[in-house]
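Enquirer: If you count the sequence shown from 1, position 393 lands on 393 in the UniProt record's numbering, and the numbers rise without skipping.
Below is a structure I'd like to ask you about.
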Amino acid sequence: MIELEINGIPVSVEAGTTILDAAEQVGVKIPKLCFHHDLEPWAACGICVVKAEGSPKMLRACATAVAPGMKIITHDPEIVKVRRTVLELTLSTHPNDCLQCGRNGNCELQTLAEEFGIREVPYEKRIAEIPVDNSTGSIVLNPEKCIKCGRCAKVCQDMQGVWALEFIGRGEDTRIAPAADVTLNESPCIKCGQCSAHCPVGAIYENDQTRPVWNALEEGEKHCVVQIAPAVRVAIGEAFGMEPGTLSTGKLYSALRRLGFNAVFDTNFTADLTILEEGSEFVKRVTEGGVLPQITSCCPAWTDYMEKYANDFIDNFSTAKSPQQMLGAMAKSYYAEKAGVAAKDMYVVSIMPCTAKKFEVSRDDNMSSTGFQDVDVALTTRELARMIKQAGIEFTELPEEEADSLLGEYSGAGTIFGVTGGVMEAALRSAYYLITKEDLEDVNFIDCRGLEGVKEAEIDIKGTKIRIAIAHQMGNVEAVLDKVRQAKENGEELPWHFIEVMACRGGCIGGGGQPHGATDEVRLKRTAGIYTDDEKSVQRCSHHNPMITKIYEEFLGEPMSHKAHELLHTGYQERAVYKK
Numbered sequence: 001m002i003e004l005e006i007n008g009i010p011v012s013v014e015a016g017t018t019i020l021d022a023a024e025q026v027g028v029k030i031p032k033l034c035f036h037h038d039l040e041p042w043a044a045c046g047i048c049v050v051k052a053e054g055s056p057k058m059l060r061a062c063a064t065a066v067a068p069g070m071k072i073i074t075h076d077p078e079i080v081k082v083r084r085t086v087l088e089l090t091l092s093t094h095p096n097d098c099l100q101c102g103r104n105g106n107c108e109l110q111t112l113a114e115e116f117g118i119r120e121v122p123y124e125k126r127i128a129e130i131p132v133d134n135s136t137g138s139i140v141l142n143p144e145k146c147i148k149c150g151r152c153a154k155v156c157q158d159m160q161g162v163w164a165l166e167f168i169g170r171g172e173d174t175r176i177a178p179a180a181d182v183t184l185n186e187s188p189c190i191k192c193g194q195c196s197a198h199c200p201v202g203a204i205y206e207n208d209q210t211r212p213v214w215n216a217l218e219e220g221e222k223h224c225v226v227q228i229a230p231a232v233r234v235a236i237g238e239a240f241g242m243e244p245g246t247l248s249t250g251k252l253y254s255a256l257r258r259l260g261f262n263a264v265f266d267t268n269f270t271a272d273l274t275i276l277e278e279g280s281e282f283v284k285r286v287t288e289g290g291v292l293p294q295i296t297s298c299c300p301a302w303t304d305y306m307e308k309y310a311n312d313f314i315d316n317f318s319t320a321k322s323p324q325q326m327l328g329a330m331a332k333s334y335y336a337e338k339a340g341v342a343a344k345d346m347y348v349v350s351i352m353p354c355t356a357k358k359f360e361v362s363r364d365d366n367m368s369s370t371g372f373q374d375v376d377v378a379l380t381t382r383e384l385a386r387m388i389k390q391a392g393i394e395f396t397e398l399p400e401e402e403a404d405s406l407l408g409e410y411s412g413a414g415t416i417f418g419v420t421g422g423v424m425e426a427a428l429r430s431a432y433y434l435i436t437k438e439d440l441e442d443v444n445f446i447d448c449r450g451l452e453g454v455k456e457a458e459i460d461i462k463g464t465k466i467r468i469a470i471a472h473q474m475g476n477v478e479a480v481l482d483k484v485r486q487a488k489e490n491g492e493e494l495p496w497h498f499i500e501v502m503a504c505r506g507g508c509i510g511g512g513g514q515p516h517g518a519t520d521e522v523r524l525k526r527t528a529g530i531y532t533d534d535e536k537s538v539q540r541c542s543h544h545n546p547m548i549t550k551i552y553e554e555f556l557g558e559p560m561s562h563k564a565h566e567l568l569h570t571g572y573q574e575r576a577v578y579k580k
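Written as structure tokens, this is what we have:
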């Protein structure tokens, strides 16, 4: 252990700990802008400077490791003056439109300016006049608000391995933009939104589509229905001061009814439906010699990545649509028929933790299985939180309500879709039954859980060995794909039969559309909330959801039927983009 002092406070920390982390452990706050716990520090902003006894210069706390006997000072007039200057220079190149900014009240730059009491900037305003880029339809890049902290580029390159964003230009002309200075839509961007989740200001954010939803609700010409994804229920409370991981399902249903939706459904229902389709597809591939390994396809950012960079795996992808798209298809067919509403008069909104879902709703013609787009608009968790506030709804005071049962009843397997490993665990619970016609005694697959980047396991299903792999955070995926490629090239046994991939760290609970401020600590709390929902469910397996049984009996026939293929399955194609 390393012994040191911070502001006279004795501190004992492990070797390699930074001054910033050591200070946080004893309750000393050092301001920061470029630093984020998900990323390796690179000391770009300079606001975290501190003094060390005997050092001729100030040290950047985020990137300096502690040393034995250090005596650190984190606050004195000289340090505060340097930090104020950093803030003032940053503000001199930043627009004064806080009231019109989506991050107002939740902006790290704004918070620091308030804490330092900065009311005027003594430097000439120099705002870059660069057009806003909303070419993807999912995320929006506003270069005028960029403070060049580099977080978005770091997360895109180091965590996601996509390299859609980088620093271009030199000197004061340096800016963040897609490589080769093309639009985001022309770049390698997969719309995962991790850049927006990590941006400390309002420089990159979700494409706000709340206005069309308000219009549909207010005009009353459409039959408006809504669905909520698993991960939304354990995160939206954060926007209202609740603890991360707080299970807010009943309050969400209540809020959505108060916004004016005609019916409130749950994406967990079609997560169960996805398992019956995807699980049946997997069993068929295993028993009939189909293409293996089967790879999950419910994450649209991962699907986009595959079509651009890993299209040699197109035949491995499950053809099952994502739960979001399945619910849209069922709402405009099965539900519309039951409710006596024409598909053209339906307006389906989904609340998702994900910015890439905005791309998925119109990805190709397969997403319009009734002749009309399955899902009309996908909103992020952040967008819904803003709508609830705009409507004057006190979220924390809402009563607990239930979803409409027709497309709202779900099993525990459906809810764990929201975490990394959850799709695999849910699939295995039902695959066991589909193969053996018996239920598992213990439905918990602990090997599928946790934040390890790549997880592997072997499951014994009555003598049949099923090898699985689970990867989350795009930067971890290529190693998994390369291992499969190598086995194929060498004529060796495939390393796995089934692979789950989610683009975001932690899975959907860490999605690019979730409330800002996610760290592994927050992700683990959200994950715990998901597993709590699973454990308290009456049914823990998708094939035991009585409404799933009913929809097959009344409408779809059986998993993988012709009608199921028409409504619930899709295809994939190579997408041209310059290579990273």
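Just so it is clear, CB atoms sit at the ideal spot from N, CA and C, and this is done for glycine as well.
Quick one: is Y347 buried, meaning 16 or more other Cβ sit within 10 Å of its Cβ, or exposed?
Expert: Per the 10 Å Cβ criterion, buried.
Enquirer: Rounded to whole angstroms, what is the Cα-Cα separation between K579 and A44?
Expert: Residue placement at K579 is flagged as unreliable, the pLDDT there being 46, under the threshold of 50; a coordinate-derived value is accordingly withheld.
Enquirer: Please classify K579: does DSSP put it in a helix, a strand, or coil?
Expert: Interpretation of K579 is limited by its pLDDT of 46, a score under 50 that renders its predicted location unreliable; the figure taken from the coordinates is listed afterwards. DSSP places K579 in coil when its eight states are reduced to three.
Enquirer: Check E218 in the structure and name its three-state DSSP category.
Expert: helix
Enquirer: Could you name the residues of the same chain whose beta carbon sits closer than 8 Å to that of D181, not counting the 5 residues immediately before and after it, in chain order?
Expert: Apart from the 5 residues on each side of it in sequence, D181 sits with its Cβ closer than 8 Å to the Cβ of I168 in its chain, given in chain order.
Enquirer: If you reduce the DSSP assignment to three classes, tell me which class C224 lands in.
Expert: Residue state for C224 is assigned as strand, using DSSP reduced to three classes.
Enquirer: Any chance the stretch 46-54 sits against the stretch 80-88, with 3 or more Cβ pairs inside 8 Å?
Expert: yes
Enquirer: Report the three-state DSSP secondary structure of M346 (helix, strand or coil).
Expert: strand
Enquirer: Using the Cα positions of T18 and C62, report the straight-line distance between them to the nearest angstrom.
Expert: 6 Å
Enquirer: Going by the beta-carbon positions, is the gap between P300 and K357 smaller than 8 Å?
Expert: Yes, Cβ-Cβ distance for P300 and K357 is below 8 Å.
Enquirer: As an exercise, report each continuous beta strand (DSSP E) stretch of at least 3 residues that is fully enclosed by the stretch 453-529, in chain order.
Expert: 454-461, 464-472, 498-502
Enquirer: Please report the residue range of the alpha helix (DSSP H) in which T380 lies.
Expert: Segment 377-380 is the beta strand (DSSP E) holding T380; no alpha helix (DSSP H) there.
Enquirer: Could you work out which residue in E108, E277, I127, L112 is closest to T549 when comparing CA atoms only?
Expert: Nearest C-alpha to T549: E277.
Enquirer: Once you ignore the five residues that flank E528 on each side, which residues in its own chain have a CB closer than 6 Å to its CB?
Expert: First, the residue type needs correcting, since residue 528 is Ala and not Glu in the sequence shown. Result list for A528: G245, in chain order.
Enquirer: Let me confirm a value: A231 is counted as buried when at least 16 other C-beta atoms fall within 10 Å, else exposed. Which label applies?
Expert: buried
Enquirer: Between the stretch 368-382 and the stretch 433-443, can you find at least three pairs of beta-carbon atoms closer than 8 Å?
Expert: No, they do not touch.
Enquirer: Please report how far the alpha carbon of Q194 lies from the alpha carbon of Y572, in whole angstroms.
Expert: 24 Å
Enquirer: Where do the ends of the beta strand (DSSP E) carrying P178 lie?
Expert: Note, P178: beta strand (DSSP E), 175-178.
Enquirer: Have a look at P546 and Y552 and give me their C-alpha separation to the nearest angstrom.
Expert: 10 Å
Enquirer: Provide the residue span of the beta strand (DSSP E) that contains P10, from first to last.
Expert: Unbroken beta strand (DSSP E) run through P10: 9-13.
Enquirer: Just the Cα atoms here: how many angstroms apart are S322 and A403?
Expert: 20 Å
Enquirer: Using 8 Å as the threshold, is the stretch 349-366 in touch with the stretch 378-387, meaning 3 or more CB pairs across them?
Expert: yes
Enquirer: Beta-carbon within less than 6 Å of I30's beta-carbon, same chain only, minus the 5 sequence neighbours each way: which residues are those?
Expert: L20, A23, C48, A61, T74
Enquirer: Buried or exposed: where does L256 fall if 16 or more other Cβ atoms within 10 Å of its Cβ makes it buried?
Expert: buried
Enquirer: Beta-carbon within less than 7 Å of I275's beta-carbon, same chain only, minus the 5 sequence neighbours each way: which residues are those?
Expert: A413, A426, A427, S430, S542
Enquirer: Quick test of your reading: L327 and T267, contact by CB under 8 Å. State the CB separation rounded to the nearest angstrom.
Expert: 6 Å
Enquirer: Is L327 helix, strand or coil when you go by DSSP?
Expert: helix
Enquirer: Ends of the alpha helix (DSSP H) at E108?
Expert: For E108, the enclosing alpha helix (DSSP H) begins and ends at 108-115.
Enquirer: Would you mind giving the Cβ-Cβ distance between F265 and L407, rounded to the nearest angstrom? I have them listed as a contact below 8 Å.
Expert: 4 Å
Enquirer: Give the secondary structure of Q209 by DSSP, where H, G and I count as helix, E and B as strand, and everything else as coil.
Expert: coil
Enquirer: Is the separation between the beta-carbon of P68 and that of E114 shorter than 8 Å?
Expert: no
Enquirer: At what residues does the beta strand (DSSP E) containing K71 begin and finish?
Expert: 71-73
Enquirer: Would you kindly report the start and end of the unbroken alpha helix (DSSP H) that includes L568?
Expert: 562-568
Enquirer: So, helix, strand or coil for L256, using DSSP?
Expert: Here L256 sits in helix by DSSP.
Enquirer: Less than 8 Å between the C-beta atoms of G418 and C448, yes or no?
Expert: no
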